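Take a look at the structure below.
In this note's numbering, the protein residues as written are 301 to 718.
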């Protein structure tokens with residue numbers, strides 16, 4: 301049997317990972333293997349691999365790492381059931397995966413010397429590093445397992461653990477998502493890398509947020525959260541930091557705008573279908589003018605409406621207002637119909653009350669502001685006498701937006717740029 305026949309036979313015997321057969325690079329590989337003397341086919345295959353490497357940030361042996369990427373991304377009955385059940389799948393399904401891993405191990409360990417002798421794709425270095433953390437993690441794990449000649453059974457269990465921890469597809473590669481009305485969830489490639497330790501102070505607020513989020517991750521009852529307070533105090537950063545902190549525990553952030561609240565039922569349906577993951581729907585800088593009615597969709601979802609909110613979803617919102625819907629003088633006018641006036645006021649203040657937990661981020665006093673500045677200066681190795689640092693920081697906040705964590709960070713950036 302020729303090398304092409306062996307390769308073609310192996311790939312076509314896949315059961316669980318049959319989606320690989322339709323991949324354009326795999327198709328190019330089969331074409332090149334069928335006629336290995338045809339340099340044009342080999343060049344075409346090489347060009348496809350390099351293109352994928354640049355788009356995905358793949359390095360090293362491109363065939364192996366691209367195949368690993370496909371495995372990490374693949375939506376099949378094994379990856380779906382593993383994510384949904386946290387790895388508690390049936391023994392028969394696992395046996396089918398072992399069958400496929402016997403084939404995929406051969407492919408991962410084969411060098412196809414006649415196709416990959418070009419060191420461009422054996423030792424590739426991309427322009428930008430990997431932007432697919434889930435695939436990169438699996439790549440490292442598989443490489444280590446294969447270096448120890450792991451059995452197909454061991455490789456199947458490795459995949460089981462990977463899908464249970466990170467999920468499959470974009471869920472394995474992105475910590476946060478945006479909602480596109482005509483496309484659904486879209487991964488955010490360059491998500492803020494901030495962590496909770498980067499946010500100086502506000503320990504009580506962060507502890508409350510962490511405790512509630514861990515309850516969600518542990519499958520315990522948890523509350524929707526409203527974070528209110530002055531601008532630049534770290535409300536949004538605290539929520540974003542959760543996605544970085546709890547990525548490996550299955551937490552994902554979904555950011556939506558006020559104008560997208562009419563899509564909340566569809567968003568909830570989508571997130572319910574990924575029951576193996578936990579989601580925070582993030583509404584940043586939330587407030588409504590008197591004439592805006594989008595809040596009714598949010599209120600309906602929080603209250604349950606006709607369809608209950610999925611158990612794997614919470615809503616976290618930030619706002620500069622204690623009451624999210626703007627009140628007007630007409631709401632307070634004693635000459636208006638008393639019943640209608642009461643209903644209007646109650647409607648507008650009740651949305652805030654629908655959040656089970658409200659966390660307040662107050663603007664720091666001068667001592668707290670200077671403490672934030674000092675901590676940020678240490679982290680960024682700012683070489684300045686403490687007394688001078690404090691004097692300059694006070695001048696900065698007086699000339700700019702007042703005291704806040706954001707102002708302190710902007711001041712440090714200014715000092716570092718001098």
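Glycine included, C-beta positions come from ideal geometry on N, C-alpha and C. Predicted, not measured: the structure shown is a model, and the values here were computed from it.
Give me the residue from 468, 452, 561 and 365 with the minimum Cα distance to residue 481.
561
List, from N- to C-terminal side, the beta strand (DSSP E) runs of 3 residues or more that fit wholly inside the region 502 to 531.
525 to 529
Between the alpha carbons of residue 435 and residue 702, how many angstroms are there, rounded?
44 Å
Evaluate residue 379 with the Cβ neighbour count: other Cβ atoms within 10 Å of its Cβ, from every protein chain shown; 16 or more gives buried, anything less gives exposed.
buried
Looking at the secondary structure, which residues open and close the alpha helix (DSSP H) in which residue 543 lies?
535 to 545
Just curious, the alpha helix (DSSP H) that residue 441 is in, first and last residue?
433 to 447
Closer than 8 Å by C-beta to residue 673: which residues in its own chain qualify, once you throw out the five before and the five after it? Chain order, please.
689, 690, 693, 708, 711 and 712
If you check the beta carbons only, do residue 370 and residue 320 fall under 8 Å apart?
yes
Buried or exposed for residue 609, going by 16 or more other Cβ atoms inside 10 Å?
buried
What does the Cβ neighbour count give for residue 555, buried or exposed, with the cut at 16 atoms within 10 Å?
buried
With 16 as the cutoff for other CB atoms within 10 Å, does residue 462 come out buried or exposed?
buried
Go ahead and label residue 516 buried or exposed: buried means 16 or more other beta carbons lie within 10 angstroms of its beta carbon, across all protein chains shown.
buried
Please state if the CB of residue 423 and the CB of residue 360 are separated by a distance shorter than 8 Å.
yes
If we ignore side chains and look at the alpha-carbon of each, how far apart do residue 383 and residue 574 end up?
8 Å
State the Cα-Cα distance for the pair residue 618 and residue 329, rounded to the nearest angstrom.
50 Å
For residue 377 and residue 393, what's the separation of their Cα atoms in angstroms?
9 Å
Compare the Cα-Cα distances from residue 318 to each of 341, 401 and 381 and report the closest residue.
401
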